[in-house]
Amino acid sequence: MEVIHKIGRRKTAVARVYVAKGKGNITVNKKDMATYFPTATLQYKVNQPLAMTNNDGNFDITVNVYGGGITGQAEAVRLALSRAMCELDEENRTILKPEGLLTRDPRMVERKKFGQKKARKKFQFSKR
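Under this note's numbering, the first residue of the sequence shown is numbered 1, with each subsequent residue one higher.
Here it is as structure tokens:
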């Protein structure tokens, strides 16, 4: 098996995932996953596609991720790993699709409009 390369996105975060046969090491931006994603919730999000397809310790995964915040990055990695698991075995698609792990979340930050404080919030109006 050669290296599988997939891309996942969430908000402004972009994750490039390289999956190869190995012992289950996950490296994110040349750091261990546990140090890059310190909370258990974020680690669960990253491991979710591997756990659901029973591929926990079978692959060495290298991730390059940039942009966005830490939660968006974790969800971008999850999408990329889900796509990689589908390329490994087409039957994984039936496991991951109902959980929504193959759907790219389209929600983005709305832009700020001129003459307003934020995207929807207005400046306070006062009569003097």
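We put the beta carbon where it would ideally sit given N, CA and C, even for glycine.
Starting from residue i, trace the beta strand (DSSP E) in both directions and tell me its first and last residue.
i, result
"residue 15", "13–21"
"residue 69", "Element bounds for residue 69: n/a, residue is neither H nor E."
"residue 6", "4–10"
Have a look at the DSSP bridge pairing and note the partners of residue i.
i, result
"residue 32", "27"
"residue 59", "21"
Quick check on the DSSP output: the alpha helix (DSSP H) that includes residue i runs from which residue to which?
i, result
"residue 93", "92–96"
"residue 46", "40–52"
Which of the three DSSP states, helix, strand or coil, is assigned to residue i?
i, result
"residue 78", "helix"
"residue 83", "helix"
"residue 119", "coil"
"residue 88", "helix"
Margin query: Taking 8 Å as the cut-off, does the stretch 90–103 touch the stretch 49–56 (at least 3 CB pairs, one atom from each stretch)?
Written below: yes
Item checked: the stretch 16–31 in contact with the stretch 61–80 per 3-pair CB rule at 8 Å -> yes
Notebook entry, point to check: On the three-pair Cβ rule with 8 Å, is the stretch 69–88 touching the stretch 108–125?
Noted result: The stretch 69–88, when compared against the stretch 108–125, does not touch it at the 8 Å Cβ threshold.
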